[in-house]
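Participant: Quick one: structure below, then a few questions.
Residue numbers (the numbering used here): 33 to 314.
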């Protein structure tokens with residue numbers, strides 16, 4: 033596999049559907065028909081035992097875009113994110129990164145794809161508690177086979193980049209939540225992967241730290257040109273960060289637009305309420 037062909041990738045979802053339950057591939061067409069008839073996810077779950085993750089979502093994320101996926105709990109936003117690195121496999125439809133059908137990769141190619149092309153930042157930070165800041169940041173490089181000295185040297189550069197100079201030997205328990213998230217961000221960026229996936233990355237932070245980290249992310253993305261896919265339930269965060277916003281509801285794509293377009297022409301009353309909540313941006 034030549035991973036150079038996706039060094040600047042377009043991410044494409046084509047009628048991607050995810051169904052949780054026994055034999056989902058066999059039963060997905062019937063569940064899709066129930067959704068088309070207007071039944072809710074909750075009613076379908078109660079009547080069939082199947083949980084809907086996504087329903088025929090089609091969209092394209094451009095290279096270098098700050099793409100935000102917005103929706104309430106259970107809307108399918110985290111499911112959509114996890115299709116990109118195949119932590120979840122689509123029941124129907126496809127997810128492509130460049131020309132690569134991610135669901136078609138064998139396990140060896142999938143592992144290489146994840147290591148070299150996709151990094152992920154979690155709300156819970158996910159730091160290794162028994163490794164210091166430098167070794168936490170260097171960990172993905174060690175997994176890729178870098179010598180310890182080379183990995184730590186590269187990590188040191190990112191310690192400076194995210195504003196943690198002097199904390200290289202500190203343990204995660206000695207850091208504030210904002211500092212821990214900076215370590216998580218540096219660890220995701222140290223590999224040079226072109227795609228950065230972020231699942232509610234600032235949800236555990238206090239409002240002031242959250243805003244500071246949002247501005248830090250915008251500056252880094254502007255400098256590095258990475259494709260960032262970020263999940264949030266916070267309208268203000270979405271409008272503050274996004275080049276475009278995909279709003280999901282009950283596993284379906286309701287609207288895909290730049291913030292200013294969504295503000296001017298919301299798709300329905302619920303989207304209008306979302307826009308109203310975001311208008312309080314300073």
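The beta-carbon is built from N, C-alpha and C at its ideal position, and this holds for glycine as well.
#1: Rounded to whole angstroms, what is the Cα-Cα separation between residue 279 and residue 294?
#2: Nearest-angstrom Cα distance between residue 209 and residue 163?
#3: Where residue 277 and residue 267 are concerned, what is the direct C-alpha to C-alpha distance, given to the nearest angstrom?
#4: In angstroms with no decimal places, state the Cα-to-Cα distance between residue 259 and residue 265.
#5: Would you kindly work out how many angstroms separate the C-alpha atoms of residue 41 and residue 81, rounded to a whole number?
#6: Express the C-alpha separation of residue 271 and residue 95 in angstroms, rounding to a whole number.
#7: Using the Cα positions of residue 44 and residue 92, report the straight-line distance between them to the nearest angstrom.
#8: Taking the alpha-carbon positions, what's the residue 287 to residue 179 distance?
#9: Decide yes or no for the touch test of the region 242-260 against the region 67-75: beta carbon pairs closer than 8 Å, at least 3 of them.
#10: Considering only residues of the region 47-126, which uninterrupted beta strand (DSSP E) runs meet the minimum length of 3 residues and lie entirely inside it, listed in chain order?
#11: Using only CA atoms, which one of 153, 302, 132, 155 lies nearest to residue 144?
#12: Go through its chain and collect everything with a Cβ distance to residue 63's Cβ below 7 Å, but skip five positions before and after it.
#13: Using 10 angstroms around the beta-carbon of residue 49, count the other beta-carbons present and answer buried if the total reaches 16, otherwise exposed.
#14: Grab the span of the beta strand (DSSP E) containing residue 152 for me, first residue to last.
#15: Return the residue from the list 285, 136, 290 that minimises the CA-CA distance to residue 274.
#16: Let's test the definition: count the other Cβ atoms within 10 Å of the Cβ of residue 310 and tell me whether it reaches 16, buried, or not, exposed.
#17: Just mark residue 195 as buried or exposed, buried being the case when its beta carbon has 16 or more other beta carbons within 10 Å.
#18: In the structure shown, what three-state DSSP assignment does residue 163 receive?
#19: Locate the beta strand (DSSP E) running through residue 280, then write down its first and last residues.
#20: Quick one: what does DSSP say residue 246 is sitting in, helix, strand or coil?
#21: Could you tell me which uninterrupted alpha helix (DSSP H) segments, each at least 4 residues in length, are contained entirely in the region 172-221, listed from first to last along the chain?
Facilitator: The short version:
#1: 10 Å
#2: 16 Å
#3: 10 Å
#4: 20 Å
#5: 37 Å
#6: 19 Å
#7: 4 Å
#8: 46 Å
#9: no
#10: 83-93, 98-102
#11: 132
#12: 51, 76, 80, 82, 84
#13: buried
#14: 150-154
#15: 290
#16: buried
#17: exposed
#18: coil
#19: 276-281
#20: helix
#21: 180-193, 209-221
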